[in-house]
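Residue numbers (the working numbering): 2 to 253.
Note that the Cβ used here is the ideal one computed from N, Cα and C, for glycine as well.
Since this is a predicted model, take the numbers as computed values, not measurements.
Spelled out as structure tokens, the structure:
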């Protein structure tokens with residue numbers, strides 16, 4: 002039975018499952034980690050290809066069922082409490098993250114994984130289609146948002162599979178999609194907390210030009226900059242936000 006409090010919608014469409022597994026392309030010897038394996042719709046075909054798989058499952062009944070399988074290493078935990086950097090150290094290789102993320106906490110999970118990007122090969126996650134649209138949106142697009150900037154700072158991202166509601170049991174009321182997130186090799190040296198605070202201010206009033214929002218923040222930081230404040234937040238490329246954040250001195 003799906004538990005509403007865990008945001009469980011189980012993937013059942015075999016055609017969609019096969020398409021997702023093709024996009025992931027798991028291989029033996031890779032350190033794959035699945036978040037929220039549920040009833041094993043992705044787990045089974047993935048572990049058949051990679052032979053060993055680590056799964057993170059909060060539901061104790063599902064975790065008990067999964068523990069009976071010797072090819073699975075089960076971490077029974079809230080994913081937001083798992084130290085993935087430590088897990089990568091234990092495995093001795095970078096991680097490949099996969100999963101059908103609970104839609105009610107998908108953004109917190111993405112932000113929890115952000116500091117671990119340097120120990121990750123890639124991430125393939127199923128999310129609400131509208132969240133994926135925001136993640137991959139480009140400047141000037143209505144979906145371009147705080148989430149776009151905060152994730153594009155660290156990842157190259159693309160939507161790789163569209164998933165209709167009928168592929169799940171019970172069917173959710175929204176469309177879904179699988180996003181591929183590949184950590185960028187070269188990352189600008191910015192303080193993530195500064196970037197997050199700055200982007201939150203910039204997008205706090207989307208319809209206003211940045212002079213009314215980000216202008217005050219820049220003054221507070223004591224920055225001298227030629228950043229164009231006569232634009233709306235959604236018009237500014239990620240690189241310009243990063244360059245502005247880099248001008249803020251990190252606390253000693």
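What does DSSP give as the partner residue(s) for residue i in the beta ladder?
{"i": "residue 58", "result": "77"}
{"i": "residue 205", "result": "Looking at the DSSP assignment, residue 205 forms no beta bridge with any residue, so it has no partner."}
{"i": "residue 99", "result": "35, 125"}
{"i": "residue 170", "result": "11"}
So, for residue i: in the same chain, excluding its five sequence neighbours on each side, which residues have a beta-carbon less than 7 Å away from its beta-carbon?
{"i": "residue 190", "result": "247"}
{"i": "residue 155", "result": "115, 118, 184, 185, 188"}
{"i": "residue 5", "result": "Because the pLDDT of residue 5 is 44, which lies under 50, any placement of that residue in the model is unreliable, and the number read from its coordinates should be weighed accordingly. The answer is none, since no qualifying residue turns up."}
{"i": "residue 7", "result": "With a pLDDT of only 46 at residue 7, under the threshold of 50, the placement of this residue in the model should not be trusted; the figure read from the coordinates follows. 59, 60, 103, listed in sequence order."}
{"i": "residue 253", "result": "Confidence in residue 253 is poor, its pLDDT being 43 and thus under 50, which makes the residue's placement unreliable; the coordinate value appears in the next sentence. So the list is empty, once near-sequence residues are dropped."}
What are the start and end residues of the beta strand (DSSP E) that includes residue i?
{"i": "residue 129", "result": "121–129"}
{"i": "residue 180", "result": "177–184"}
The alpha helix (DSSP H) spanning residue i covers which residue range?
{"i": "residue 157", "result": "Unbroken run through residue 157 is the beta strand (DSSP E), 156–164; no alpha helix (DSSP H)."}
{"i": "residue 45", "result": "44–51"}
{"i": "residue 150", "result": "147–153"}
{"i": "residue 215", "result": "215–222"}
{"i": "residue 88", "result": "85–92"}
{"i": "residue 237", "result": "Element bounds for residue 237: n/a, residue is neither H nor E."}
{"i": "residue 114", "result": "107–114"}
For a quick check, are the C-beta atoms of residue i and residue j less than 8 Å apart?
{"i": "residue 182", "j": "residue 123", "result": "yes"}
{"i": "residue 147", "j": "residue 204", "result": "yes"}
{"i": "residue 162", "j": "residue 179", "result": "yes"}
{"i": "residue 36", "j": "residue 81", "result": "no"}
{"i": "residue 32", "j": "residue 135", "result": "no"}
{"i": "residue 11", "j": "residue 169", "result": "yes"}
{"i": "residue 242", "j": "residue 132", "result": "no"}
{"i": "residue 57", "j": "residue 17", "result": "no"}
{"i": "residue 192", "j": "residue 249", "result": "yes"}
{"i": "residue 64", "j": "residue 72", "result": "no"}
Counting only the same chain and skipping the five closest in sequence on each side, list residues whose C-beta sits under 6 Å from that of residue i.
{"i": "residue 2", "result": "Low confidence applies to residue 2: its pLDDT is 47, below 50, so where it sits in the model is not reliable, and the reading given next is rough at best. Nothing meets the Cβ criterion."}
{"i": "residue 55", "result": "34, 74"}
{"i": "residue 27", "result": "33, 47, 50, 51"}
{"i": "residue 228", "result": "245"}
{"i": "residue 42", "result": "12, 18"}
Can you name, in chain order, every residue of its own chain whose Cβ lies under 8 Å from the Cβ of residue i, other than the five neighbours on each side?
{"i": "residue 142", "result": "235"}
{"i": "residue 89", "result": "32, 95, 96, 117, 120, 121"}
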